[in-house]
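From first to last, the protein sequence lines stand for chains A and B.
So this note's numbering is basically just the index in the first sequence, starting at one, shifted up by 1.
So this note's numbering is basically just the index in the second sequence, starting at one, shifted up by 1380.
For reference, the structure is listed below as structure tokens.
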Amino acid sequence: MKDMRMESRVDSTVNKIEARKVQVYYGATHAIKDVDVDIADRAVTAFIGPSGCGKSTFLRCLNRMNDTIAICRVEGQILLEGEDIYDRRVDPVQLRAKVGMVFQKPNPFPKSIYDNVAYGPRIHGLTRNKAELDQIVEDCLRKAALWNEVKDRLSAPGTGLSGGQQQRLCIARAIATQPEVLLMDEPCSALDPIATAQVEELIDELRHQFSVVIVTHSMQQAARVSQHTAFFHLGHLVEFGETGQIFTNPKDPRTESYITGRIG
Amino acid sequence: MTDLAALETAPSPRATPGQSIYVTSPEMKRRNAAETRFRAYGLVAIAVSLTMLAIMLFTILRDGSSTFFQAKLSFPVELSEKVLDPKGNRDPAEMAKVTTIGYAKVLASALLAELERQGIDLGELSDKEAAELISKDAPGGLRAMVLDNPALIGTTIDATVLAGGRIDGYLKGRVTMESAQLDSNISPEQLQLADRLRTAGILSSGWNWGFFTNPDASDQRPEAAGLGVALIGSAYLMALVALMCIPVGVAASIYLEEFAPKNRWTDAIEVNISNLAAVPSIVFGILGLAIFINFAGFPQSSSFVGALVISLMTLPTIIIATRAAICAVPPSIRDAALGVGASKMQTVFHNVLPLAMPGILTGTILGLATALGETAPLLLIGMVAFVDNYPGLPLEGVLDPATALPVQVYSWASRSDPAFIERSNGAIIVLLVFLVVMNVAAIWLRRRFERRW
Ligand SMILES: Nc1ncnc2c1ncn2[C@@H]1O[C@H](COP(=O)(O)OP(=O)(O)OP(=O)(O)O)[C@@H](O)[C@H]1O
Ligand SMILES: [Mg+2]
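So this is what it looks like as structure tokens:
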């Protein structure tokens, strides 16, 4: 735990997202129980916890991706800048443009690399001409540390890239829509250490513009990139606090056993 | 950890420790034998089906390929003004008074004159019997030609006219001297004359364009019967079925697969669509007769009604194929699109449909191919009627009486003259060629769309 970034300061204490008493049910299964979390603006929040504890489920609540699962039911309140995202007036499509997502498994569109990144800006009308779009595509690919590998074959299919490249493409695609919150579900699980380091660098950079939520199974990664950490266990939020405190001085014995590798 | 330990200590049930891997264990031999047997079954099954297919193709080609050639008589015909335009004023109304009987006489005397010029002996045949070598269809054709172009009157043209059906059969080996003895329509002497005409170059066999362009013909002149009306009818049918089925079928599938809530109603709809696909086609024919003709009053025998009925039948097939193709698109693609803020419809049209396209196209084309070969419902709505007028151009033309390829096959096959059986087989070949073309198109489209990604 030497490389833990203890000095990383929380830039802001403004909460971007506030979740209160969130319950998620898959049919009769109670997957998320009574979760209260504050996601700070312009900071990275990490969700850690053993497999199946509900990290992805909770993450998917934050941009209402759970709406696509027929049996999934969400209760409680999730406020984005004070507005309830589960309010009747909210159009989830519009919400998802603000709260972008990178999925656990890389899922590029079966389109060219260029079109993958350009898709979001195109459907949201973010650019006025081709040159602007080209610029966005290049910027996003650079940020996702993919530009050098693909700049000569932007018209090649995105599905033809390696798993790690695909994931970085998905990251580029997600940031191309210029979301305010970026949800990342284990973005590095398919990446080699070099690409992982690049993505972590990107996350660190992104937190100056967005608020980032990242699910990870790597304690080191959580410690390296995040300012806040939430530890989930069996659908409960066991502990939530500053990353430094969670890793050096956990209050709950379950957190301690998890980060020292005794449960999970 | 405990699992791993358990694996290490548990004795393996099969492999004996220390056994060389060069020695195949009895258990392994048993499994290999089962596999070998299964492969043999598979090969036998394929061999049987290929043999059946080969036999079928062989018989059809043997019996049908001769249709594409047709016996013709070529000789100069003098179109004398005295006979064809007695008043000499080229008035169409006056000229039309000369019936086909008049033209038959012109043709007969022209043939006889040519025989005399070339010194061909009629043998025991009378002039009338010799003229019977000319098809009964020929005078009508000549008359139409002259009425179309009155300038021909007074000239001598090199006419090529159909030979009678029996003469055609004789050239193809279907009619023989023995069969002619028993046949009231032809005599062995006429066949001998045909032999002499052939040597003289008057009678010959050539490519049968008429088979593709002529309408159906009456029982007495099989040599003139063609697929013209059936081809137009089938083309109208296919175009209308595609126009009606593809948009409706694809839209219904997209709705059911992507938008509809999953509840008892949609389940019921799903089951019913599958059931509809299994309903025998004749039932759709009866339905079409009752609804479209008796109730809605659309014209009988028209390709429009045929297309409506066949659309009803093809729709479930297209819906099932399209839904399967849409369903096979990985859900992660939908998540990806929704995740960047695409609406449901953008997700479907930008990302799901392009991926499902090869499957949709193949399913649709195969559905249309089945529709092309569909016969029973068309019989019920009257498309089997004898139609010797071409249907008009679209759009009104689709309301004109027409037949379709498979129906033409059926109606020729049920006539007594073997010359019609030959044409029936010829029509099957044409139908098969269309089906092969459609299937190849399906494969090609599938490849093309899949190669892109
Ligand atoms: N679509 C679904 N339908 C039913 N149950 C689900 C569904 N998705 C998740 N679950 C259940 O919800 C619980 C939480 O799952 P979730 O995917 O959120 O776990 P996770 O913490 O992301 O695990 P991992 O680290 O393995 O990704 C699990 O018990 C899982 O079985
Ligand atoms: Mg997960």
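Glycine included, each C-beta is placed from N, C-alpha and C at the ideal position.
Contact belief for residue i with residue j at Cβ below 8 angstroms, rounded distance in angstroms
| i | j | result |
| --- | --- | --- |
| A:SER1 | A:VAL216 | With chain A covering 2 to 265 only, the question about residue 1 of chain A has no answer from this structure. |
| A:CYS62 | A:ILE79 | 6 angstroms |
| A:PRO266 | A:VAL100 | The shown model of chain A, from 2 to 265, leaves out residue 266 of chain A, and the question about it has no answer. |
| B:ALA1782 | B:SER1681 | 7 angstroms |
| A:THR178 | A:PRO122 | 7 angstroms |
| A:VAL151 | A:MET185 | The Cβ separation is near 20 angstroms, so there is no contact. |
| B:MET1618 | B:LEU1748 | 6 angstroms |
| B:GLU1802 | B:ASP1471 | About 42 angstroms separates the two Cβ atoms, so there is no contact after all. |
| B:ASP1599 | B:ARG1795 | 6 angstroms |
Heavy atom of ligand 2 within 7 angstroms of residue i beta-carbon
| i | result |
| --- | --- |
| A:SER57 | yes |
| A:ASP116 | no |
| B:ASP1715 | no |
| A:GLN168 | no |
| A:GLN105 | yes |
| A:ASP186 | yes |
Rounded C-alpha distance that separates residue i from residue j
| i | j | result |
| --- | --- | --- |
| A:VAL200 | B:SER1712 | 22 angstroms |
| B:LYS1899 | B:ALA1799 | Here chain B covers residues 1381 to 1833 and nothing more, so residue 1899 of chain B does not appear. |
| B:VAL1621 | B:THR1702 | 16 angstroms |
| A:LYS144 | B:LYS1642 | 41 angstroms |
| A:ASP12 | A:ILE33 | Bear in mind that a pLDDT of 45 at A:ASP12, under 50, signals an unreliable position, so the model cannot answer this. |
| B:ALA1490 | B:VAL1457 | 5 angstroms |
| B:THR1697 | B:VAL1732 | 20 angstroms |
| A:ARG255 | A:HIS218 | 16 angstroms |
| B:ALA1518 | B:LEU1464 | 16 angstroms |
| B:ASP1383 | B:SER1400 | At B:ASP1383, the pLDDT of 46 sits below 50, so the modelled position is not reliable; the number obtained from the coordinates is stated separately. Cα to Cα, the separation comes out at about 28 angstroms. |
| A:ILE114 | A:GLU139 | 11 angstroms |
| B:MET1436 | B:TRP1587 | 24 angstroms |
| B:LEU1441 | B:VAL1813 | 12 angstroms |
| B:ASP1501 | B:GLY1549 | 22 angstroms |
| B:SER1585 | B:PHE1449 | 6 angstroms |
| B:LYS1467 | B:ALA1493 | 25 angstroms |
| B:SER1567 | B:ALA1560 | 5 angstroms |
| B:SER1650 | A:PRO93 | Note that residue 1650 of chain B is Glu in the sequence shown here, rather than Ser. So the alpha carbons of these two residues sit roughly 29 angstroms apart. |
| B:SER1405 | B:ARG1411 | 10 angstroms |
| B:GLY1753 | B:TRP1792 | 16 angstroms |
| B:ALA1597 | B:SER1515 | 12 angstroms |
| B:GLU1569 | B:MET1557 | 9 angstroms |
Option in the options with minimal Cα separation from residue i
| i | options | result |
| --- | --- | --- |
| B:TYR1616 | B:VAL1424, B:LEU1688, B:ASP1647 and B:ASN1469 | B:LEU1688 |
| B:ILE1582 | B:TRP1589, B:ALA1574 and B:ALA1749 | B:ALA1574 |
| B:VAL1720 | A:ILE195, A:ALA173, A:ASN250 and A:ASN149 | A:ALA173 |
| B:SER1454 | B:LYS1409, B:ALA1427, B:GLY1665 and B:LEU1522 | B:LEU1522 |
| A:SER258 | A:MET220, A:GLU243 and A:THR160 | A:MET220 |
| A:LEU192 | A:SER212, A:SER163, A:VAL214 and A:ILE204 | A:SER163 |
| B:ILE1481 | B:GLN1788, B:ALA1493 and B:GLY1520 | B:GLY1520 |
| A:GLN168 | A:GLY236, A:ILE124, A:THR197 and A:GLN228 | A:THR197 |
| A:LEU183 | A:ASN149, A:LEU203 and A:MET102 | A:MET102 |
| A:ILE260 | A:VAL36, A:PHE48 and A:MET185 | A:PHE48 |
| A:THR249 | A:ALA224, A:LEU235 and A:HIS234 | A:ALA224 |
| A:THR69 | B:VAL1424, B:GLU1638 and B:LYS1485 | B:GLU1638 |
Residue i CB to nearest heavy atom of ligand 1 below 7 angstroms
| i | result |
| --- | --- |
| A:ALA32 | yes |
| B:ASP1712 | The question names Asp, but residue 1712 of chain B is Ser in the sequence shown. Not under cutoff, so the answer is no. |
| A:CYS54 | yes |
| A:HIS218 | yes |
| A:ILE70 | yes |
| A:TYR27 | yes |
| A:GLY50 | yes |
Beta-carbon proximity of residue i to residue j, cut-off 8 angstroms
| i | j | result |
| --- | --- | --- |
| A:PHE232 | A:GLU240 | yes |
| B:LEU1760 | B:LEU1669 | yes |
| B:ALA1736 | B:THR1727 | no |
| A:GLY83 | A:VAL23 | no |
| B:VAL1764 | B:LEU1773 | no |
| B:SER1446 | B:LYS1552 | yes |
| B:ALA1605 | B:ASN1594 | yes |
| A:ASN64 | A:ASP39 | no |
| B:PRO1627 | B:GLY1545 | no |
| B:MET1693 | B:ILE1745 | no |
| B:SER1683 | B:GLY1762 | no |
| B:VAL1541 | B:LYS1477 | no |
| B:ALA1807 | B:LEU1607 | yes |
| B:TYR1770 | B:VAL1609 | yes |
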